[in-house]
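Take a look at the structure set out below.
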Amino acid sequence: MSISNRSLMICVRLLSLWRKALLLLLLLPNFCSTQTIIKNLPGFSGDLPFKLETGYVGVGNKDELQLFYYFIESERSPENDPLLLWITGGPRCSAFSGLVYEIGPISFSFTSITKDPVELVLNPYSWTKLANIIFLDAPAGTGFSYSTTTDGYNTSDTIHAKRASEFLQKWLSTHRKFLANPLYISGDSYSGKIVPIIVQEIINGIEAATEPPLNLKGYIIGDPVTNEKEDMNSRIEFAHRMALISNRMYESTKRNCKGEYVDVDPNNQLCLNNLQAFKECTSRLDDSHILAPACVPRINHNEQTTFGWDWDSVDDNFLSFPFPESLCRVDRLRYSVVWANDMKVRKALNIREGTKGEWVRCNRSTPYIKDVQRAVEYHRNLSQKSLRAFVYSGDHDLSVPYVSTEAWIESLSLPIDDDWKPWFSNNQVAGYNVRYSNGEYHLTYATIKGGGHTAPEFNPRECFDMIKRWLEHSPL
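With mature numbering (1 follows the signal peptide of the UniProt record, and there is no 0) as the guide, the letters of the sequence shown map in order to residues -34 to -1, 1 to 442.
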């Protein structure tokens, strides 16, 4: 065979191999990372005045967990402003709740849920005016995130945190222009337990020289679940402070239950009677904000506790009921269900077809193991690092009362840098704050006067002023 013929055969074989490789790439979905810039959204009039990106990042051993995200660039200075990763609580509640009801640039107009599509308006107090924010649907099964395997839906506190950290590492590897931005991990409610675990995972990666290096600066948690038993125990004291129960009832309950109101001895009838009286006094309140109208019964997802309820107690089943338009929080939550299940919306967000059936705000159907009972030890370890921490609590939140939050912060025994004092918004007292310092670790704790469980939902202007000052390293 001549040299020219041999060369020709080699070229033919290489071409054949190249075609097969190309075909394989075309047939396999790109599960590592996909992203789309969204210029318009159903329900919003005109082009979006901010940069919105949606996409998936594959995590897990074989990228079997496809985590969906909404990324919104800072409307001020994307190249200089901090980068926040936001995870909504639940667990397994979509980050879209945080985006559209709390800190994102759009919200619903709440004029009519029957409009097609549901109308969106701008939020003048969006935190994206101060920071770049990734709203992450995590773990898999939450929001538009999914798994390509059944086992992928099995998760826990620690797995959830590990996968979120992996997501961030991969996302930043494809968005390298944000690597230098100050990074903060943030979330509220049940994510108060997950956020410090994620922070610890990131620190472990930094110390192990994992690439790319992350510019971690701290974390932000609102009305945070930290120690579930103590959080629930504190509701009795909170109810007493807020005059929801009488002093006589409080003293009797404390005496008969010996200060322990969870997993009570079934033979302690006096304690059980007291707790039943407590239920009768509080069961018709909205535990997310005791001054807000209560429109649905509280859902008890924790049968092991005497008076326990879920950290996000509005069951999605209620969101499909034909309630009339009203000021009730549950009616506002229904808007997200209608909007996210609109096929025009899914097309606009570039949701992968066939990966998600009905969108639910909080997915309670996937297995979840709460393998971290106390997140306090994570905070104790983080308090030895060079970090900034911001903890805030709405002072009318019965779900995770400020009482327990203040107790675990005090248990860290951090030196007080600036003691308890009011902070202001619009020249009015908006809450109170205290600052702690331990070497290079700095923690600010703030209450929001009249605030609820998801504080920016109830007090948007005050929370905007609060977080703006903290991110800019200014006193509240």
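Heads up, the beta-carbon is just placed ideally off N, CA and C, and yes, glycines get one too.
Taking Ile69 as reference, the option from Lys351, Pro190, Val311 and Thr94 with the minimal CA-CA separation is Thr94.
About 7 Å separates the Cβ atoms of Ile100 and Trp52, confirming a contact at the 8 Å cut-off. Taken in chain order, the complete beta strand (DSSP E) segments of 3 or more residues contained in the segment 277 to 365 are 354 to 360. Note on Phe62: 16 or more other CB atoms within 10 angstroms of its CB, so buried under the neighbour-count rule.
Of the residues assessed, Asn213 falls on the exposed side of the cut-off, its CB having fewer than 16 other CB atoms within 10 angstroms.
Measuring C-alpha to C-alpha distances from Gln166 to each of Asn98, Tyr368 and His345 identifies His345 as the nearest. Shown here, Asn193 sits in a strand according to DSSP, grouped into three states. Excluding residues up to 5 positions away in sequence, Ile4, Asn6, Leu7 and Pro8 lie with their Cβ nearer than 8 Å to the Cβ of Ala314 in the same chain. Taken in chain order, the complete beta strand (DSSP E) segments of 3 or more residues contained in the segment 393 to 424 are 394 to 404 and 407 to 414. Taking C-alpha positions only, Lys81 is separated from Phe144 by approximately 38 Å. Excluding the 5 residues flanking it on each side, Ala205 has same chain C-beta neighbours closer than 8 Å at Ile211, Tyr216, Phe244, Cys247, Thr248 and Leu364, in chain order. Val369: member of the alpha helix (DSSP H) spanning Tyr368 to Ser377, first to last residue.
Looking at the DSSP output, Thr20 shares a beta bridge with Thr2 and Tyr36. Taking Val161 as the centre and dropping the five residues before and after it, the same chain places the C-beta of Ile151, Gly153, Tyr185 and Ile187 closer than 6 Å to its C-beta, in chain order. For Ser73, the enclosing beta strand (DSSP E) has its first and last residue at Ile72 to Phe74. Where Tyr216 is concerned, the enclosing alpha helix (DSSP H) starts and stops at Asn213 to Cys223. Uninterrupted beta strand (DSSP E) stretches at least 3 residues long and entirely within the segment 114 to 173 occur at 149 to 154, given in chain order.
The C-beta distance from Thr410 to Leu442 rounds to 7 Å, short enough to meet the 8 Å contact threshold. For the set Asp103, Ile172 and Val228, the Cα lying nearest the Cα of Arg201 is the one of Val228. Counting along the chain, the unbroken alpha helix (DSSP H) around Phe430 starts and ends at Pro426 to Leu437. Looking at the DSSP output, Ile382 bridges to Tyr402.
Rounded to whole angstroms, Thr192 and Gly12 show a C-alpha spacing of 42 Å. Val66 sits in a helix when the DSSP states are folded into three classes. By the Cβ neighbour-count rule, Lys310 is exposed, with fewer than 16 other Cβ atoms within 10 Å of its own. Beta-bridge partners of Tyr112 (DSSP): Gln32.
Distance from the Cα of Asn170 is smallest, within the candidate group Thr121, Pro44, Asn240 and Asn347, for Asn347.
DSSP places Phe101 in the uninterrupted beta strand (DSSP E) bounded by Asn98 to Leu102.
At the C-beta level, Leu33 and Asp103 come within 8 Å of one another. Scanning Glu41, Pro190 and Asp383 for the CA closest to the CA of His408 turns up Asp383.
With respect to the C-alpha of Val369, the residue from Glu423, Ser43, Lys195 and Pro426 having the closest C-alpha is Lys195. Counting only residues of its own chain and dropping the five nearest sequence neighbours on each side, Gln339 has a CB closer than 8 Å to the CB of Asn193, Glu194 and Lys195. Bounds of any beta strand (DSSP E) do not take in Lys95, whose DSSP letter is neither H nor E. Close CB contacts of Tyr22 within its chain, under the 6 Å cut and outside five residues either way in sequence, are with Thr(-1), Gln32 and Phe34 (chain order). When the five nearest sequence neighbours on each side are left out, the beta carbons in the same chain lying within less than 7 Å of the beta carbon of Tyr156 are those of Gly55, Gly56, Pro57, Val191 and Trp277, in order along the chain. Taken atom to atom, the span from the alpha-carbon of Glu177 to that of Ala130 is near 16 Å.
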